[in-house]
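Sequence lines, in order, name chains A and B. Residue numbers are given in this note's numbering: position 200 of the first sequence equals residue 200, and the series is strictly consecutive. Heads up, this note's numbering is the position in the second sequence plus 1000, with the first residue counted as 1. All C-beta atoms in this analysis are idealised placements derived from N, C-alpha and C, irrespective of residue type, glycine included. A quick write-up on the structure given underneath.
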Amino acid sequence: MNRAPSIVVDKLMKRFDTFTAVKQVSFQIHAGEIFGLLGPNGSGKSTIIRMLCGLLTPSSGSATVVGFDIARHAEEVREHIGYMSQKFSLYNDLTALENLQFFAGLFGVKGSALDERIAWALKMAGLAGSERLLTGELSGGWKQRLALGSAVLHRPQVLFLDEPTAGVDPLSRGHFWELIHQMSREGVTILVTTHYMDEAEYCNRLALINQGLIVAMGTPTEIKHLAIKGTLWLVECNPLGRALAVVKQAPGVIDASVFGAALHVSVDASRQPLTELPTFLASHEVRVDRIELISPSLEDAFVSLTGDRTFSDESAQ
Amino acid sequence: MSDEIVAISGLTKRFAGVVAVDSLSFTARKGEILGLVGPDGAGKTTTLRILAGILPADTGSALVAGQDVLREPEAVKSRISYMPQQFGLYEDLTVTENIRFYADIFEVTRTVRQQREAQLLEASGMSRFRDRLAGQLSGGMKRKLGIACALIHTPQLLLLDEPTTGVDPVSRRELWSILYSLVFEGVTVLVSTAYLDEAERCHRLLLMHQGSRLFFGTPTDLKSKLPGGALSIISSNPQALQMATAGEQGVLRVTAMGDELHVVVDDPDRRLDQLRERFDSTGISFGDMRRIPASVEDVFVYVVSNQQTQQAREQ
């Protein structure tokens, strides 16, 4: 993998009137890397993307995309990037082919490259032979691959994906990410913004963003281990309601929540929940049927790193 | 069983030649969360709308608390509450004004309303925002307000259509904890979701695909459908590992994630050793490698692929 940075973001900041949407954010993305910006609604993800696309001017700080300064060379930046969102990019009342022709025109793809790129996009999307179908009649998976094809007709070096697979069935989603991995192998840099954990899992590296600040950065595995204080346990017990009400008073318990027919309990790493929890719960007339150590998920990490601040975010609006 | 609140049998609904729901049967018990799980277009919304008494079915039967929804939709409406994906909140009314509006529609008396309103605001963590305009709430807060409005008349059955779509994980967890507290009060919840990982939070699941039932039972039963299990291999280059793994004996499915390879295999312990030897002999580097529980998504993909193979064989 080529290790030269393709996107360099240095103390980027954006203020709207009195509200600071992005507060001095810095990160670098290597060529061919799949990098995820993961954060709740209103965390500043879209503002960062819009600045990197040259659509918004930063209040301070700087950033380059494939070597071009986003503030001074916004035009050049736009020539080298592609943008795809699951929701907005296609015209439903045009055929698949017409959509591709429209985007090719928009990106200035001409001559022999035009036919070649459209044929390539149809093949990639699995739509060769079905190019006259109306886009609105295509299934989610097809539409999504068509949107991807439209976004990369002009062979951009950097591709922005905004929640690209939300709501698509798992089979199509797997296929989509294989295409993305293939582009990344060919050197395309991919920046994904999402709050869906299943999309974040496909990224090589992630930056967790909350209230305009990066709160954690690393591989998905690194972030899972960074975020969870103590150890996480699955506790199957009966009755569940009473267990939830009392378990937070048990020795070393940091947090507990219901998960289906069981509890997820995080416990201080120095404690012995295997013996302590059943004893404690038994003293409150709760029977423990099963207790086992589980791995934290990316969602556990996300909630742990951003959860405390969500309410202050609400009241600040 | 007498504690069955919902009984659906042979339900079918066509729209202009497309079968949206295809001879669907399932039940839901008092005080359980039943998840309608499947991708977009699986028929989840159609099923909920039929149960809510706002869409007629073509054939089949649907009973809610013993009453026939298809013949007498009005009779069940006092017992149920339906929250569609686009719930009708008035953006220029405050949080409490919205709740009061729904209380009036459902003819809730003033004393009951006051008590219920305080309880619902408290449970959803919205007491502090009671005077805020609904239009100024975040997406997650709007969903919580929607649920509070839907619960003001204390229904026996709550139908929620994708309440967590587009909601960030923190709000998503809060919504689920509200649902669990309802279940402790004996309310039955039917909730649809396109997120397969949410399936594990339900007591029972109805897994849907293209209008049909793929599976109905507990998450644990669902996982026993998958022969074998899953392996996780941490790697800085999962794509290279994927190529080395794909053709190996006993490997059913390989997915390259960001820094991890997810492998579904027929015999986890045996294939773990086999893959380790294979990587060692070809000099591919890899990190932590271990057996992990299969996910609902693994099972979903397995069941759907099996079905497709079978259909192809029959044709």
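In the structure shown, the three-state DSSP call for B/Phe1300 is helix.
Ranked by Cα distance from A/Leu206, the first of A/Lys23, A/Lys45, A/Thr18 is A/Lys45. In the structure shown, the three-state DSSP call for A/Leu234 is strand. Within chain B, the residues placing a beta-carbon under 8 Å from that of A/Leu171 are Val1301, Val1304, Ser1305, ordered along the chain. Chain A has a Cβ within less than 8 Å of the Cβ of B/Leu1196.
For B/Tyr1180, a Cβ of chain A is located within less than 8 Å of the residue's own Cβ. DSSP places A/His175 in the uninterrupted alpha helix (DSSP H) bounded by 170 to 185. In this chain, the alpha helix (DSSP H) harbouring B/Thr1111 covers 1110 to 1123.
Here DSSP, grouped into helix, strand and coil, assigns A/Leu159 to strand.
Residue contact check for B/Asp1269 against chain A: no CB pair falls below 8 Å. Not a single C-beta of chain A is nearer than 8 Å to the C-beta of B/Ser1025.
For the stretch 223 to 267 of chain A, the continuous alpha helix (DSSP H) assignments of 4+ residues that do not extend past its boundaries occur at 240 to 247, in sequence order. Classified as buried, B/Thr1045 has 16 or more neighbouring CB atoms from the shown chains inside 10 Å of its CB. According to the DSSP assignment, B/Tyr1180 belongs to the alpha helix (DSSP H) that extends over 1169 to 1184. With contacts defined by Cβ atoms closer than 8 Å, A/Val286 and A/Pro239 form a contacting pair.
In the structure shown, the three-state DSSP call for B/Glu1162 is coil. Inter-residue distance for A/Val22 and A/Phe280 is about 46 Å (C-alpha atoms, whole angstroms). Within chain A, the residues placing a beta-carbon under 7 Å from that of B/Ala1256 are His181, ordered along the chain. Contact note: B/Arg1173 reaches chain A through Ser257, Glu299, Val303, Gly307, using a C-beta cutoff of 9 Å and chain order. Following the DSSP letters along the chain, one finds A/Thr47 inside the alpha helix (DSSP H) bounded by residues 45 to 52.
Taken in chain order, the complete beta strand (DSSP E) segments of 3 residues or longer contained in the stretch 1201 to 1284 of chain B are 1204 to 1209, 1212 to 1217, 1229 to 1234, 1251 to 1256, 1260 to 1265.
Taking C-beta separations shorter than 8 Å and ignoring five residues to either side along the sequence, the partners of B/Leu1241 in its chain run Ile1233, Ser1235, Ala1256, Leu1261, Phe1279, Ile1284, Phe1286, following chain order. Remark: fewer than three beta-carbon pairs, one from each stretch, lie closer than 8 Å, so the stretch 1265 to 1272 of chain B and the stretch 183 to 203 of chain A are not flagged as touching.
Residue contact check for A/Gly187 against chain B: no CB pair falls below 8 Å. DSSP places B/Glu1074 inside the alpha helix (DSSP H), whose first and last residues are 1073 to 1076. When DSSP reads this structure, A/Gly61 sits in no beta bridge, so it has no partner. When the alpha-carbon of A/Phe19 is set against those of A/Gly212, A/Ala243, A/Asp255, A/Ser172, the nearest one is in A/Gly212. For B/Lys1030, there is no enclosing beta strand (DSSP E), as DSSP marks it with neither H nor E. Taken in chain order, the members of the stretch 35 to 65 of chain A whose beta-carbon sits within less than 7 Å of a beta-carbon on chain B are Pro40, Asn41, Gly42. Excluding the 5 residues flanking it on each side, A/Gly230 has same chain C-beta neighbours closer than 6 Å at Ile254, Ser266, Val267, Asp268, Ala269, in chain order. Shown here, B/Ser1305 sits in a helix according to DSSP, grouped into three states. Secondary structure remark: continuous alpha helix (DSSP H) runs of at least 4 residues inside the stretch 104 to 144 of chain A, in chain order: 111 to 124. Residues are counted here when their Cβ sits less than 7 Å from a Cβ of chain A; for the stretch 1003 to 1025 of chain B the count is zero.
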